[in-house]
Amino acid sequence: MIIPEEHDIAIRIRGLVNAFGDQVVHDGIDLDVKRGEILGVVGGSGTGKSVLMRSIIGLQKPVSGDIEVFGQDMTGGSENDAEALDIRRRWGVLFQAGALFSTLTVAENIQVPLREFYPGLDPALRDEIASYKVTLVGLPAEAGPKYPAELSGGMRKRAGLARALSLDPALLFLDEPTAGLDPIGAAAFDELILDLRDTLGLTVFLITHDLDTLHAICDRIAVLADKKIVAVGTIDELTHLDQPWIQEYFNGPRGRAAIDSAARSGQD
Ligand SMILES: Nc1ncnc2c1ncn2[C@@H]1O[C@H](COP(=O)(O)OP(=O)(O)OP(=O)(O)O)[C@@H](O)[C@H]1O
Ligand SMILES: [Mg+2]
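Numbering-wise, the sequence shown is residues 1 to 268 according to full-length UniProt numbering.
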């Protein structure tokens with residue numbers, strides 16, 4: 001499917017309300033994700049970052065509001081709407097819990113979306129696509145026939161990313177991709193995401209707590225607080241805002257350390 005050039009907004013969210021029973025998680029979220037950008041989404045634990053992602057990809061039905069992906073209304077109605085299905089095919093998702101199937105090898109995991117969306121695909125071609133994706137995310141070819149339990153945490157993240165890339169997505173959703181990785185592994189994963197964005201022209205919706213990631217690869221950052229997106233901008237723009245959570249987060253001790261380390265790596 002060709003995505004028309006005029007859609008320079010990849011995701012447009014207006015007035016989004018999400019709730020679980022009486023518990024309102026989002027109370028009128030407005031957000032634009034620009035085509036080709038890496039948008040970081042931050043906010044305290046439990047503020048609803050994962051729920052926001054789930055509602056964009058259709059796993060959480062909003063109470064009200066509008067979500068458009070590449071100009072296509074995703075909340076309007078029938079699940080089988082052909083255009084909405086076409087859009088679904090064009091995104092890849094790496095969930096917070098990773099969620100590889102433990103009884104399938106890495107290569108088989110990568111093939112799951114291919115089997116789902118292209119059931120008629122020649123098995124040899126499926127194998128070929130899977131091994132290409134394994135290489136694309138920087139895993140050795142030997143990782144393909146391995147089971148998730150046989151991989152390190154960092155390799156499992158890469159395998160999850162390979163599966164998210166299996167359908168050649170235009171849009172990538174990543175929920176805390178570097179959580180649990182050591183700083184070197186996390187930095188390498190950041191580089192990989194940046195590389196993939198640049199080479200494949202992806203738009204990336206990236207939920208993260210990792211201040212180094214925000215500095216290293218995000219074009220803009222959206223801050224979720226008080227059930228709304230309270231600010232969107234570059235790190236520099238955000239650090240100048242007089243919002244309590246933002247000040248504490250970016251200008252607190254860990255925020256300052258990340259700024260210093262970003263400045264140091266800029267000098268190298
Ligand atoms: N399926 C569900 N049923 C009921 N409540 C839920 C469900 N999923 C999430 N919630 C609630 O919605 C709120 C937001 O959860 P969410 O997982 O989006 O937070 P988060 O910002 O991603 O947090 P974290 O940074 O810890 O991952 C929480 O209060 C959570 O308990
Ligand atoms: Mg979450």
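Cβ coordinates follow ideal geometry from the N, Cα and C atoms, glycine included.
Every value quoted in this text rests on a predicted model; they were computed, and no experiment measured them.
Three-state secondary structure assigned by DSSP to residue 176: To locate residue 176, count along the sequence shown from 1; it is residue 176. In the structure shown, residue 176 sits in coil (DSSP, three-state: anything other than H, G, I, E or B).
Sub-8 angstroms separation of residue 33 and residue 205 beta-carbons: Here residue 33 refers to the residue found at position 33 when the sequence shown is read from its first residue. Here residue 205 refers to the residue found at position 205 when the sequence shown is read from its first residue. Going by C-beta atoms, residue 33 is nearer than 8 angstroms to residue 205.
Whole runs of the beta strand (DSSP E) within the segment 127-159, excluding any shorter than 3 residues: none
Distance cut-off 7 angstroms: residue 25 Cβ against heavy atoms of ligand 1: Walking along the sequence shown from the start, residue 25 turns up at place 25. The answer is yes for residue 25.
Cβ neighbour criterion (16 or more within 10 Å) applied to residue 99: Stepping through the sequence shown from its first residue, residue 99 is reached at position 99. It is exposed - the Cβ of residue 99 has fewer than 16 other Cβ atoms within 10 Å.
Sequence-distant residues of the same chain with beta carbon closer than 6 angstroms to residue 111, five excluded per side: As a first step, residue 111 is located in the sequence shown; it is residue number 111 there, counting from the start. 126 and 130.
Stretch-stretch touch, CB-based, cutoff 8 angstroms, three pairs: the segment 57-73 with the segment 10-22: yes
Cβ-heavy atom distance, residue 96 to ligand 2, below 7 angstroms: Residue numbering aside, residue 96 sits at position 96 when the sequence shown is read from its first letter. Residue 96 Cβ: within cutoff of ligand 2.
Length at least 3, wholly inside the segment 193-260: the beta strand (DSSP E) runs in chain order: 203-207, 220-225 and 228-233
Contact check, residue 93 vs residue 164, beta carbons under 8 angstroms: Locating residue 93 in the sequence shown gives position 93, where the first residue counts as 1. Locating residue 164 in the sequence shown gives position 164, where the first residue counts as 1. Yes, the pair counts as a contact, with Cβ atoms nearer than the cut-off.
Inter-stretch contact at 8 angstroms, needing at least 3 Cβ pairs: the segment 198-218 / the segment 247-261: yes
Span separating the alpha-carbon of residue 1 from that of residue 160: The count along the sequence shown starts at 1 and reaches residue 1 at position 1. The count along the sequence shown starts at 1 and reaches residue 160 at position 160. Only weak support exists for where residue 1 lies, its pLDDT of 48 falling under 50; the coordinates are left without a value.
The segment 215-229 contacting the segment 34-49, beta-carbon criterion three pairs below 8 angstroms: yes
Residue nearest to residue 216 in terms of C-alpha spacing, selected from 52, 103, 90 and 184: Counted from its first residue, the sequence shown places residue 216 at position 216. Measuring from the Cα of residue 216, the nearest candidate turns out to be 184.
Cβ neighbour criterion (16 or more within 10 Å) applied to residue 190: Translated into positions along the sequence shown, residue 190 becomes position 190. When all chains shown are included, residue 190 counts as buried.
Run of the alpha helix (DSSP H) containing residue 111, from where it starts to where it stops: Taking the first residue of the sequence shown as 1, we reach residue 111 at position 111. First-last of the alpha helix (DSSP H) with residue 111: 106-117.
Beta-carbon proximity of residue 284 to residue 230, cut-off 8 angstroms: In this structure the chain extends from 1 to 268, so residue 284 is not present and cannot be described.
Separation of residue 60 from residue 54, as counted between CA atoms: Counted from its first residue, the sequence shown places residue 54 at position 54. Counted from its first residue, the sequence shown places residue 60 at position 60. The alpha-carbon atoms of residue 54 and residue 60 are separated by roughly 5 angstroms.
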